[in-house]
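Here the sequence shown is numbered in this note's numbering, starting from 4 and rising by one per residue. Glycine included, each C-beta is placed from N, C-alpha and C at the ideal position.
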Amino acid sequence: MRMFQVCVCGQPLQLNQAPTPEPKGSEVLLKTLAAGVCHSDLHLADGYFDLGGGKKLSLADRGMKLPVTLGHENVGEVVAVGPDARGIKIGQRVLAYPWIGCGTCAVCLRGEDNLCRAMKSLGVFSNGGYADHIMVPHARYLFDIGDLDPARVAPLACSGVTTYRALRKISTLQSEPTVIIGAGGLGLMCQALHQKMGGHSAIVVDIDPVKREAAKKAGAAHVIDGGAPNAAQQIIDITNGGAWGVVDLVGASASAKLGYDSLIKGGKLVLVGLYGGELTVSLPPIPMRELTIQGSYTGSQHDMRELMDLVRRTGLPPVPVATRPLDDVNAVMNDLRAGKIVGRVVLTPV
Numbered sequence: 004m005r006m007f008q009v010c011v012c013g014q015p016l017q018l019n020q021a022p023t024p025e026p027k028g029s030e031v032l033l034k035t036l037a038a039g040v041c042h043s044d045l046h047l048a049d050g051y052f053d054l055g056g057g058k059k060l061s062l063a064d065r066g067m068k069l070p071v072t073l074g075h076e077n078v079g080e081v082v083a084v085g086p087d088a089r090g091i092k093i094g095q096r097v098l099a100y101p102w103i104g105c106g107t108c109a110v111c112l113r114g115e116d117n118l119c120r121a122m123k124s125l126g127v128f129s130n131g132g133y134a135d136h137i138m139v140p141h142a143r144y145l146f147d148i149g150d151l152d153p154a155r156v157a158p159l160a161c162s163g164v165t166t167y168r169a170l171r172k173i174s175t176l177q178s179e180p181t182v183i184i185g186a187g188g189l190g191l192m193c194q195a196l197h198q199k200m201g202g203h204s205a206i207v208v209d210i211d212p213v214k215r216e217a218a219k220k221a222g223a224a225h226v227i228d229g230g231a232p233n234a235a236q237q238i239i240d241i242t243n244g245g246a247w248g249v250v251d252l253v254g255a256s257a258s259a260k261l262g263y264d265s266l267i268k269g270g271k272l273v274l275v276g277l278y279g280g281e282l283t284v285s286l287p288p289i290p291m292r293e294l295t296i297q298g299s300y301t302g303s304q305h306d307m308r309e310l311m312d313l314v315r316r317t318g319l320p321p322v323p324v325a326t327r328p329l330d331d332v333n334a335v336m337n338d339l340r341a342g343k344i345v346g347r348v349v350l351t352p353v
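Next comes the structure, spelled out in C-alpha cells:
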C-alpha cells in the first residue's frame with residue numbers, strides 16, 4: 004500500500020509503502036477513490052496551530068504521532084470487512100466520516116465524536132486517505148453515496164459538514180443576510196449550502212479578487228474586499244445597521260475583528276477557520292449589546308447524516324472541484340498554501 008505521510012513536521016509529505024492492512028473486529032477497509040485536500044492539512048503538516056502573540060498549539064501535544072497519513076475528506080469502496088462488521092457490503096461506495104472519537108465517552112455515545120477529548124480522527128490521529136487504502140474502525144462512520152461522483156462527495160466530509168454545522172448556529176439564516184468571511188474551499192461550500200438551506204442572502208468577504216469573483220459567479224448577493232479599510236462599514240451599510248450572523252471561515256486576527264466589528268446588537272460571530280491569531284475586544288459591549296462569539300468545530304455524525312439527506316434532496320453543492328493524481332499531493336499543498344486554488348482539489352490514487 005502506498006501512502007503519503009508527515010514524517011517530519013515542516014517538510015514535504017513522504018511516500019512510504021506498507022502491507023495493505025486486514026480488517027479486524029468491526030473494522031472496514033476501503034480502497035480510496037477520492038481524498039480532498041483541506042487547508043487544515045497545511046497546519047497538520049507544519050505540526051502546529053498559531054495561537055497569536057508568538058504562541059503555538061503543538062499537535063504532538065494534542066496526540067498526533069508521526070508518521071501519519073494525511074487526508075480527512077475521503078470516499079472509498081469497501082473491499083474487506085472484519086468479522087464483527089455489520090450493515091456494510093463489499094463493493095459499496097461510501098463517504099468516511101473522519102471525526103472519530105474514543106467511542107465510549109458521553110459525547111461519542113450521543114453521536115458527537117467531534118467533541119471527544121480523545122480524538123482518533125482519520126488523517127490527523129490515525130491514518131487517512133492520502134493512500135491506496137483507508138481503515139475505518141466501524142461501519143457507523145460510513146455513509147453510502149450511491150452513484151454520486153466520489154470527487155464531489157469527498158469534500159462533504161470536512162468542508163461540507165463543517166460549514167453545515169456553522170450555518171445551523173445562525174438562527175437568522177432564512178430571515179437576514181449572512182456574512183461569509185473567506186471564499187476559498189470552505190467559503191464557496193458555505194455559500195452553496197447557504198443557498199440549499201434557504202439562506203436569505205450571502206455577503207461574501209475575501210481579500211483575493213479572484214475568489215471574490217468566484218463567489219459572485221456562485222450567486223453571492225454582495226462581495227466585499229476584506230482588506231478595504233471600510234469593509235466593516237460596508238457590511239453595516241448593506242445590512243442596515245449590522246449583521247445578525249457572521250461565519251468566519253478564515254480564523255485570522257483581521258478576519259475575526261472584521262466579523263466582530265460588523266455585528267448588529269444581538270448579532271453572532273461564528274468562528275470556524277484555523278488560520279491563527281488572536282482577538283482582543285472590549286468586554287462591556289458584549290453583554291450590553293448581547294453579542295455572541297461562538298466556535299464551531301467540524302460536525303457531528305448527526306450533522307453528517309442531515310447533510311447527506313440534504314444532498315440527496317437538493318443535489319451536490321455546486322462547488323468548483325478539480326482532480327489531481329495522488330502523487331501530486333505536495334504540489335497541491337504548495338498551491339493551496341500560496342492561495343492559488345479556487346474551490347477544492349481532490350486527489351485520486353489511480
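Check residue i in the structure and name its three-state DSSP category.
i: V324; result: strand
i: I173; result: coil
i: R168; result: helix
i: L266; result: strand
i: G126; result: coil
i: G39; result: strand
i: V332; result: helix
i: H141; result: coil
i: A217; result: helix
By a C-beta neighbour count over all protein chains shown, 10 Å radius and 16 as the cutoff for buried, is residue i buried or exposed?
i: H136; result: buried
i: H197; result: buried
i: M291; result: exposed
i: D209; result: buried
i: D251; result: buried
i: K27; result: exposed
i: A217; result: buried
i: L145; result: buried
i: N233; result: exposed
i: I238; result: buried
i: H42; result: buried
i: V236; result: At residue 236 the sequence reads Gln, which differs from the Val that was named. By the neighbour-count rule (16 or more Cβ atoms within 10 Å), Q236 is not buried but exposed.
i: A48; result: buried
i: G17; result: Before going on, a small fix: residue 17 reads as Gln here, not Gly. The residue in question, Q17, is exposed, as its Cβ has fewer than 16 Cβ neighbours within 10 Å.
i: K271; result: buried
i: V11; result: exposed
i: A142; result: buried
Bridge partners of residue i, per DSSP?
i: I241; result: Beta-bridge pairing links I241 to no other residue.
i: D53; result: K59
i: Q304; result: The partner list for Q304 (beta bridge, DSSP) is empty, contrary to what the question assumes.
i: K34; result: E80 and H136
i: Q17; result: Q8
i: F146; result: L98
i: Q297; result: V273
i: V207; result: I183 and V226
i: G279; result: A255
i: R347; result: V324
i: G248; result: T181 and K271
i: T72; result: Q8
Looking at the C-beta of residue i, does it have a partner C-beta in chain D at a distance below 8 Å?
i: E309; result: You won't find chain D in this structure, because it holds only one protein chain.
Under 7 Å: does the beta carbon of residue i sit that close to some heavy atom of the ligand GDP?
i: V156; result: Summarising the ligand content, the structure contains no ligands, and the ligand GDP is consequently not present.
Between residue i and residue j, how many whole angstroms is the CB-CB distance? I'm expecting something under 8 Å.
i: A83; j: L36; result: Rounded, the Cβ-Cβ distance is 15 Å, inconsistent with contact.
i: N77; j: A99; result: 5 Å
i: V9; j: V71; result: 5 Å
i: C193; j: L170; result: 7 Å
i: G13; j: G74; result: That belief does not hold up - the Cβ atoms of G13 and G74 are roughly 19 Å apart, past 8 Å.
i: I206; j: I241; result: 6 Å
i: S29; j: A88; result: 5 Å
i: K214; j: A186; result: 4 Å
i: V354; j: A38; result: Outside the displayed span of the chain (4 to 353) sits residue 354, for which this structure offers no information.
i: L62; j: G279; result: Contact doesn't hold; Cβ gap of about 13 Å is too wide.
i: L329; j: T351; result: 7 Å
i: T317; j: K199; result: 5 Å
- Message: Between the segment 153 to 169 and the segment 293 to 301, can you find at least three pairs of beta-carbon atoms closer than 8 Å?
- Response: yes
- How do the segment 179 to 193 and the segment 261 to 273 stand: do at least 3 beta-carbon pairs fall below 8 Å, yes or no? yes
- Any 3 or more C-beta pairs closer than 8 Å across the segment 284 to 291 and the segment 305 to 312: no
- Does the segment 50 to 70 come close enough to the segment 149 to 157 that 3 or more CB-CB pairs lie under 8 Å? no
- Query: Is the segment 17 to 26 in contact with the segment 79 to 94, if contact means three or more CB pairs nearer than 8 Å?
  - Reply: yes
- Item | Any 3 or more C-beta pairs closer than 8 Å across the segment 271 to 279 and the segment 239 to 259 | yes
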